[in-house]
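Beneath this line is the structure, given in C-alpha cells, with notes to follow.
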Amino acid sequence: MALLNFRKTGAARPAGASLEPFLEGYSIEVMPRTASKIEDFRALLPEGTRVYIAHIEGTPIEEMVDTAKRLADAGYPVMPHFPARIIKDKAVLADWISRYQGEAGIDQALLLAGGVARPHGDFHSSMQLLETGLFDKAGFKRLHVAGHPEGNRDIDPDGSHAQVNDALTWKQDFSTRTDAQMALVTQFAFDADPIIAWCDRLRDQGITLPVHIGIAGPAKLQTLIKFAIACGVGPSVKVLQKRAMDVSKLLMPYEPTEVLEKLAAHKATNPDFQIDQVHFFPLGGIKATAEWARDNGGASGLPAAARAVG
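Heads up, the sequence shown is in my numbering, so the first residue is 19 and it goes up one at a time.
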C-alpha cells in the first residue's frame, strides 16, 4: 500500500463513509493572513469546528486577537497558539491571556515551545507556561500541548525520544492537577504506521491524554516538501522526496485520504486507540482542506451554512 494517495483531480471515488465518524469534530489551523482571505467561514467549516490560530514570530498580538474575535463572532471555538519562546515574560503572557479573554471570549489555548531557536525572554517550553498558573487563574477550560509521532530534534538532537517522553510524562501528571481538559495535538505526518506505533508507545508509557492527530490537507507535493522541511518532519520528508522522483506523481495533488482511511480502520477495530480527533494543517489552503473534508466526511464535513439551509 502506498504511503501517499495521489490521484488525478476529479477522479471518481466512493463517498468516504468510513471516514465520517473519524472526521467528526475535526479541527483546523489558520493564520491571520490566511484567515483574512476567507470571506465566510460558515460556508466552509462545520458548526463547532475548533479553529487554532498559529502565532508565527513577528505577528502582532493585535492581529491574533482580531482574528480570534472574528472567528468567535462567527460561532467557532477558537484556540490560539501560545509559543513559549516568543513570549518575553510573565507580564506579556498575562497580557495576551487578558486580551484574548476580554476581547474575544477565549478560554482555550495550545501551549508549545515554538519554532524559534533562541527564546525571546524567560520561557523556552510549554511546561513553563503551564507552571505560571495564569491559565488556571483565568479559568481557561481547555489546554492542549504538542505531540511528536516522529520525534523532535529541537528537543532530542540525538534522534531519540528521551526528553520528549519525559515532557509527556510531566504533562500527563499536570493534567491530573488541573480542571482544564487537555489533549496532545501532533505535528503533521504522512504515514499511518508510525502514528499507530507512537500511540501504542504512549499507552505503554502511561500517557492517556487524547490525541488530536495532525494531518496535512490537500496540497501540491512541492508545497508539502517545503513545509515538511521547515517543520522538521524528518521521516515524512523522505517519503515525499521519494514520491517527487516520479514526475507523473509530482504533478498530481496530494490528498490525505489513504492515511486517514488506515487510521480510521484501526480506530474501528481498536476502540481504545488514543486518536480522538483529526487536526488539519491546510497547507494547500483553508478552502481546499474544508472542501476535501466536505467531500469525504459525509455529515462530519458539512459546512455550518449548508446545515442551516437544510
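In this text, a Cβ means the ideal position worked out from N, Cα and C, and glycines have one as well. All figures in this text were calculated on a predicted structure; none of them were measured in a lab.
| Item | Value |
| --- | --- |
| Using DSSP's beta-bridge definition, name the partner residues of Ser45. | His297 |
| Where do the ends of the beta strand (DSSP E) carrying Ala164 lie? | 160 to 165 |
| Please name the residue in Glu276, Ile225, Ile304, His138 whose C-alpha comes closest to that of Val163. | Ile225 |
| Could you check if Thr85 is buried or exposed, using at least 16 other CB atoms within 10 Å of its CB as the buried criterion? | buried |
| Please name the residue or residues paired with Ile231 in a DSSP beta bridge. | Val296 |
| On a CA-only basis, which of Ile46, Leu62, Pro101 is nearest Ala76? Give me that one, please. | The question names Ala, but residue 76 in the sequence shown is Gly. Considering only alpha carbons, the answer is Pro101. |
| Assuming Ile105 contacts Leu111 under a Cβ cut-off of 8 Å, what Cβ separation, rounded to an integer in Å, is found between them? | 5 Å |
| Can you list, in chain order, the residues of its chain with a C-beta nearer than 8 Å to that of Pro321? Leave out the 5 residues immediately preceding and following it. | Arg60, Ala61, Leu62, Leu63, Pro64, Ala308, Arg312 |
| Is Gly319 helix, strand or coil when you go by DSSP? | helix |
| With DSSP as the reference, identify every bridge partner of Tyr118, one or two as the case may be. | Its beta-bridge partners do not exist; DSSP assigns none. |
| According to DSSP, is His99 helix, strand or coil? | strand |
| So for Leu63, helix, strand or coil by DSSP? | coil |
| Less than 7 Å between C-beta atoms, sequence neighbours within five positions excluded: which residues of the same chain meet that for Gly132? | Pro101, Ala102, Arg103, Ile104 |
| How would you call Gln223, buried or exposed, if buried means at least 16 neighbouring beta carbons within 10 angstroms? | exposed |
| Have a look at Glu331 and Gly235 and give me their C-alpha separation to the nearest angstrom. | Any property of residue 331 remains undetermined from this structure, which presents the chain solely from 19 to 328. |
| Taking the C-alpha atoms as reference points, what is the distance between Val83 and Glu121? | 7 Å |
| With Val203 as the anchor, note down where its beta strand (DSSP E) starts and where it stops. | 199 to 206 |
| Please report how far the alpha carbon of Gln190 lies from the alpha carbon of Gly157, in whole angstroms. | 20 Å |
| Could you check how far apart the C-beta atoms of Glu279 and Leu41 are, in whole angstroms? I think they sit under 8 Å. | Wrong, their Cβ atoms sit about 11 Å apart, outside the cutoff. |
| Which one of Val296, Lys55, Val48 has the shortest CA to CA distance from Ala201? | Val296 |
| Pick helix, strand or coil for Ala72, following the three-state DSSP scheme. | coil |
| Can you tell me where the alpha helix (DSSP H) holding Ala308 begins and where it ends? | 304 to 314 |
| Of all the options Leu186, Ala53, Gly43, Pro78, which has the alpha carbon lying nearest to the alpha carbon of Arg68? | Gly43 |
| Please check the pair Thr52 and Ile214, which I expect to be a contact at CB under 8 Å, by giving their CB distance rounded to whole angstroms. | That belief does not hold up - the Cβ atoms of Thr52 and Ile214 are roughly 30 Å apart, past 8 Å. |
| So what's Ala185 in DSSP terms, helix, strand or just coil? | helix |
| Would you mind giving the Cβ-Cβ distance between Gln126 and Cys217, rounded to the nearest angstrom? I have them listed as a contact below 8 Å. | Incorrect: roughly 23 Å between the Cβ atoms, too far for contact. |
| Given that a residue counts as buried once 16 or more other Cβ atoms are within 10 Å of its Cβ, and exposed if not, what is Thr287? | exposed |
| Hey, how far is the Cα of Tyr94 from the Cα of Gly123? | 11 Å |
| Would you mind reading off the limits of the alpha helix (DSSP H) that contains Leu220? | 210 to 223 |
| Among the candidates Ala198, His99, Pro98, Gly302, whose CA atom is the shortest distance from the CA of Leu227? | Ala198 |
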